[in-house]
Amino acid sequence: MSTESAFINAYLGRFSNMLRWPDFHQLMQTLQACNDGNWYLYAVGEPPPSEPSTQAENEKFLLEIEKLIEKDHSEDYCGIVYVDERQNPGFVKFYDPNNLGASCGSSGKHVFPGWIMSRLLPEDLQLAFPLPANRRRWWRNLFS
1 MSTESAFINA
11 YLGRFSNMLR
21 WPDFHQLMQT
31 LQACNDGNWY
41 LYAVGEPPPS
51 EPSTQAENEK
61 FLLEIEKLIE
71 KDHSEDYCGI
81 VYVDERQNPG
91 FVKFYDPNNL
101 GASCGSSGKH
111 VFPGWIMSRL
121 LPEDLQLAFP
131 LPANRRRWWR
141 NLFS
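Okay, here's the thing in structure tokens:
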């Protein structure tokens, strides 16, 4: 996989952390407002999509990911969602609350986000560890 690709460069780029819950909820509202059918939904560990998702799929994903993060990340802060531009998002990383790894990076493992919402065609991030089966089932059941 080339590090020269637009997707990989964006993935490795600069992001803002939605540290506070109000920041997270504002981002979710912004994403709902810019749901124009030009987004790719990528569950890291699954094959990346080759076509953008529909507006209905985006809406369902946003509603369900918000519920999942709120339910499974019972902290006083959010801190597990990152966006490239708060006002005009084009790339969002949603980390799985049940697969965060060592926050300081001391484990030596790169922790990939669980899900990515991107305006760019995703490339397979070739995870070093398999996506947990419960999250694969959650993703597959989301649109079945």
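Using our numbering, the letters of the sequence shown correspond one by one to residues 1 to 144. Cβ coordinates follow ideal geometry from the N, Cα and C atoms, glycine included.
* Quick one: Cα of D96 to Cα of N38, how far? -> 24 Å
* Would G45 be called buried (16 or more neighbouring beta carbons within 10 Å of its own) or exposed? -> buried
* Asked: Using DSSP with H/G/I as helix, E/B as strand and the rest coil, what is E46?
  -> strand
* To do: Hey, could you find the ends of the beta strand (DSSP E) M117 is sitting in?
  => 115-118
* Is there contact between the stretch 81-89 and the stretch 13-25, where contact requires at least three CB pairs shorter than 8 Å? -> yes
* To do: Report the option in N35, W138, F24, K93 whose CA atom is closest to the CA atom of C78.
  => F24
* Asked: Any idea what DSSP makes of F24, helix, strand or coil?
  -> helix
* **CB contact flag (L142, F61, <8 Å)** => yes
* Name, in chain order, the residues that DSSP records as bridge partners for N17. => Y82
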